[in-house]
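Here the structure comes first, spelled out in structure tokens, and everything after it is commentary.
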Amino acid sequence: MRINPKDPAEILYPWTSTKITICFLLVISFTYISYSLKSVLPSNLCREQYSVTSHLQSEAPATPSQPISPPAPAPLEPQEPKTNLSHIVFGIAASANLWGNRKKYVKLWWRPDQMRGNVWMDQPVKVEPEDEHLLPPIKISSDTSKFAYTHRKGHRSAIRLSRIVTENFRQGMENARWFVMGDDDTVFVPENLVRVLQKYDHNQFYYIGSSSESHLQNIYFSHNMAYGGGGIAISYPLARALEKTQDKCIARYTGLYGSDDRLQACMAELGVPLTKEQGFHQFDVYGSVFGLLAAHPVAPLVSLHHLDVVDPIFPNMERVQALQRLNVPMKIDPAGLVQQSICYDKMRSWTVSVSWGYAVQIFRGIFSPREIEQPARTFINWYKKADFIGYEFNTRPVSRHPCQKPFVYYLTNAVYNKNTNHTATEYVRDQAPNPQCNWKMANPSRIDRVQVYKAYDPHIWDKSPRRNCCRILPSKKKKGTMAIEVGACNEDEVVELR
Ligand SMILES: *[C@@H]1O[C@H](CO)[C@@H](O)[C@H](O)[C@H]1NC(C)=O
Ligand SMILES: *[C@@H]1O[C@H](CO)[C@@H](O)[C@H](O)[C@H]1NC(C)=O
23 MRINPKDPAE
33 ILYPWTSTKI
43 TICFLLVISF
53 TYISYSLKSV
63 LPSNLCREQY
73 SVTSHLQSEA
83 PATPSQPISP
93 PAPAPLEPQE
103 PKTNLSHIVF
113 GIAASANLWG
123 NRKKYVKLWW
133 RPDQMRGNVW
143 MDQPVKVEPE
153 DEHLLPPIKI
163 SSDTSKFAYT
173 HRKGHRSAIR
183 LSRIVTENFR
193 QGMENARWFV
203 MGDDDTVFVP
213 ENLVRVLQKY
223 DHNQFYYIGS
233 SSESHLQNIY
243 FSHNMAYGGG
253 GIAISYPLAR
263 ALEKTQDKCI
273 ARYTGLYGSD
283 DRLQACMAEL
293 GVPLTKEQGF
303 HQFDVYGSVF
313 GLLAAHPVAP
323 LVSLHHLDVV
333 DPIFPNMERV
343 QALQRLNVPM
353 KIDPAGLVQQ
363 SICYDKMRSW
373 TVSVSWGYAV
383 QIFRGIFSPR
393 EIEQPARTFI
403 NWYKKADFIG
413 YEFNTRPVSR
423 HPCQKPFVYY
433 LTNAVYNKNT
443 NHTATEYVRD
453 QAPNPQCNWK
463 MANPSRIDRV
473 QVYKAYDPHI
483 WDKSPRRNCC
493 RILPSKKKKG
503 TMAIEVGACN
513 EDEVVELR
């Protein structure tokens, strides 16, 4: 015969009922003791009750004798206005010997009537009268000779530059929410910088930026570091905390190479991780950045850097002239700048990739989106031997077969139509010839011009990230011109290969 099973809980926990009794007694006596001691032993519970009570009291009518007016609408939490350009304080890392050449990059994006900030120099420079109202004020960094610098290859100016945020903070800027630093060869897209910062609560600690494109750079420096040239955004309270500790912190890291790794070392001491935003571009590459700009991540373009190192972004042009060309679509629809969309000309078996405001590519054959969304290696690795294994993201070769080398069309014109609220951009075929190809299929060389129509869409980043869709429009009379519509995908729209 089997023994009647007891209550299973009692088999597992034979002491339960006794324990409950003991605990109950303990709780009662503890409550009694803490009640007698009152605030000597505050518990969370006590504090919560206290705050609820006081809250209720504060809402009770203070003077009941006054005439009763109709109930006012419930007071809303006073909302802070959205972050805009006026809340950002820029700090530009510069040096006197390069300024004559580099200031042209700053002029491309600096808006003297809307922006605040300083250029931090090692020594005074002559300010040309025509520049005075086009560039930020110039400040001389304070002396850093008391700090040791022991890295064998770098330059001790790194110490001076790592203190830019702190020195800007000490200027006592009113209503500052963000301190943004960049180099003198960095170009920002101001609207997109604001868009990105609006996502974060400026009353908390944030350290925002992005890594290097080079895997080895990130190993040598840190994957947790915001690269200075790509731009670094630090929220106001974090800048205040940094200001208090930075000089002591810098003194502990004499062996580091640059300014951004010194800054990251102090962030690590404060325990603040990097918040990565993919639109900041350090551009640690050589050669042509076409591949990177033609397949940008689905994120707003915030910055470009190393503009003296990489080729001009449009061929057969001066560097600054090329950037001025990009400024045109940037002005009419910054949120959409260099956003990629992928579609197919099914009749002719072509793959079409649009990088809005920059370039269009037509490929012979059908490539999947997962391939075309990878940057083509038009650029060369920062560590020249590393090549394709050396990047932080997937890349693809420019082409595997000469016939598959894309036909490239570069932006020539961009306009905004007020009446339709649409933009029209035009792209003309690159003069560089494509390799000979004897495939028996439609030849994209017959297309010499591409027109792209897109609704003005400043709200694209208020939604979850999704690549725009493109659709090839029925060809008009004009031979040699392809017309494409770009815009938000319909809910169930998929880029299907066939
Ligand atoms: C930016 O926000 C401030 C409020 O903090 C507001 O006074 C100002 O008008 C805004 N500027 C622009 C250009 O919207
Ligand atoms: C244009 O379209 C955008 C996005 O739908 C909208 O926010 C904006 O108000 C429109 N502008 C005009 C002038 O109609």
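Here the sequence shown is numbered in our numbering, starting from 23 and rising by one per residue.
For glycine and all other residues, C-beta sits at the position ideal for the given N, C-alpha and C.
None of the values given here were measured: they were computed from a predicted structure.
Inset, instruction - Could you check which residue in P457, V437, E414 has the C-alpha nearest to that of S421? - result: Comparing alpha-carbon positions, the option among P457, V437, E414 lying closest to S421 turns out to be P457.
Inset, instruction - Report yes if the C-beta distance between N240 and S233 is below 8 angstroms; otherwise report no. - result: Their beta carbons are under 8 angstroms apart, which means N240 touches S233 by this criterion.
Legend entry - CB-CB length for E299 against V218, believed under 8 angstroms: Contact holds; Cβ gap of about 5 angstroms.
Inset, instruction - Out of L260, A118, V374, point me to the one whose CA is closest to S390's CA. - result: Out of L260, A118, V374, V374 has the C-alpha closest to the C-alpha of S390.
Inset, instruction - Taking 8 angstroms as the threshold, find out whether the region 191–211 comes into contact with the region 125–143 through three or more Cβ pairs. - result: Cβ pair count under 8 angstroms is three or more, so yes.
Inset, instruction - Give every residue of the same chain whose Cβ lies closer than 7 angstroms to the Cβ of D144, excluding the five residues on either side of it in the sequence, and list them in chain order. - result: So the qualifying residues of the chain are S117, A118, S163, S179, R182.
Inset, instruction - For E32, collect the residues of the same chain with a Cβ closer than 6 angstroms to its Cβ; drop the 5 residues on either side in sequence, then sort them by chain order. - result: Caution applies to E32, whose pLDDT of 36 falls short of 50 and renders its modelled position unreliable; the value that the coordinates give is listed next. Taking C-beta separations shorter than 6 angstroms and ignoring five residues to either side along the sequence, E32 has no partners in its chain.
Inset, instruction - Look at M195 and R138 and say whether their C-beta atoms are less than 8 angstroms apart. - result: M195 is a Cβ neighbour of R138, given a cutoff of 8 angstroms.
Inset, instruction - List the endpoints of the continuous beta strand (DSSP E) containing Q362. - result: Residues 362–367.
Legend entry - alpha helix (DSSP H) segments (min. 4 residues) lying fully within the region 320–406: Taking only runs of at least 4 residues, the alpha helix (DSSP H) segments lying wholly in the region 320–406 are 341–354, 391–394.
Legend entry - D206 Cβ short of 7 angstroms to ligand 2 heavy atom set: No, the beta carbon of D206 sits no closer than 7 angstroms to any heavy atom of ligand 2.
Inset, instruction - Could you check which residue in D282, I411, C491, Y478 has the C-alpha nearest to that of D176? - result: The displayed chain sequence assigns Gly, not Asp, to residue 176. Per the Cα distances, D282.
Legend entry - Where C492 falls: helix, strand or coil (DSSP): DSSP places C492 in strand when its eight states are reduced to three.
Inset, instruction - Give a single yes or no on whether P103 has its beta carbon closer than 7 angstroms to a heavy atom of ligand 1. - result: Shortest gap from the CB of P103 to any heavy atom of ligand 1: under 7 angstroms.
Inset, instruction - Pull every residue with its beta-carbon under 7 angstroms away from any heavy atom of ligand 2, and keep them in chain order. - result: Going by the Cβ distance cut-off, the answer is K440, N443, A477, Y478, D479, P480, H481.
Legend entry - Where the alpha helix (DSSP H) containing Q286 begins and where it ends: Counting along the chain, the alpha helix (DSSP H) containing Q286 begins and ends at 281–292.
Legend entry - DSSP state of V187 mapped onto helix, strand, coil: Correct three-state label for V187: helix.
Inset, instruction - With DSSP collapsed to three states, give me the class of L296. - result: Reduced to three states, the DSSP call for L296 is coil.
Inset, instruction - Would you give the residue range spanned by the beta strand (DSSP E) that L433 belongs to? - result: The continuous beta strand (DSSP E) containing L433 extends over residues 429–439.
Inset, instruction - Rounded to whole angstroms, what's the CA-CA distance from L78 to R199? Just pull it up for me. - result: Because the pLDDT of L78 is 35, which lies under 50, any placement of that residue in the model is unreliable, and the number read from its coordinates should be weighed accordingly. Approximately 33 angstroms between the Cα atoms of the pair.
Inset, instruction - Report the rounded CA-to-CA distance for I384 versus H327, giving the unit in angstroms. - result: Their backbone Cα atoms lie some 28 angstroms apart in a straight line.
Inset, instruction - For L314, count neighbouring C-beta atoms within 10 Å of its own C-beta (all shown protein chains included) and say buried if the count is 16 or more, exposed if not. - result: Around the beta carbon of L314, a 10 Å sphere encloses 16 or more other beta carbons of the protein chains shown; the residue is thus reported as buried.
Legend entry - Rounded separation between R185 and D165 - CA only: The alpha-carbon atoms of R185 and D165 are separated by roughly 11 angstroms.
Legend entry - P83 versus L359: straight-line alpha-carbon distance, rounded: Residue placement at P83 cannot be trusted, given a pLDDT of 41 that sits under 50; what the coordinates show is reported in the next sentence. Going by the C-alpha atoms only, they are around 55 angstroms apart.
Legend entry - Assigned exposure category for N490 - 16 Cβ within 10 Å defines buried: When all chains shown are included, N490 counts as buried.
Legend entry - Nonlocal neighbours in the same chain, by C-beta distance under 7 angstroms from M289, ignoring five residues either side: Contacts found: Y229.
Legend entry - Outcome for M463 when other beta-carbon atoms lying within 10 angstroms are tallied against a minimum of 16: With fewer than 16 other Cβ atoms within 10 Å, it is exposed.
Inset, instruction - With DSSP collapsed to three states, give me the class of A505. - result: Here A505 sits in strand by DSSP.
Inset, instruction - Put Y171 into one of helix, strand or coil per three-state DSSP. - result: In the three-state reduction of the DSSP assignment, Y171 falls in the coil class.
Legend entry - Cβ pair count under 8 angstroms reaching 3, the region 316–324 against the region 354–370: The region 316–324 is in contact with the region 354–370.
Legend entry - Start-to-end residues for the alpha helix (DSSP H) that takes in F312: 312–316 is the extent of the alpha helix (DSSP H) around F312.
Inset, instruction - Compute the minimum distance between the beta carbon of S108 and the heavy atoms of ligand 1, and state whether it is under 7 angstroms. - result: Within the cutoff, so yes.
Inset, instruction - Leaving out five residues on either side along the sequence, give the residues of the same chain with a beta carbon under 6 angstroms from the beta carbon of A248. - result: If the five residues before and after A248 are omitted, its C-beta is found closer than 6 angstroms to the C-beta atoms of G231, I254, L296, all from its own chain and listed in chain order.
Inset, instruction - To the nearest angstrom, report how far apart T417 and P397 are at their CA atoms. - result: C-alpha separation (whole angstroms): 5 angstroms.
Legend entry - Three-state secondary structure (DSSP) of G176: Coil at G176, not helix or strand.
Legend entry - Nonlocal neighbours in the same chain, by C-beta distance under 6 angstroms from I364, ignoring five residues either side: S375, P391, I394, V517, listed in sequence order.
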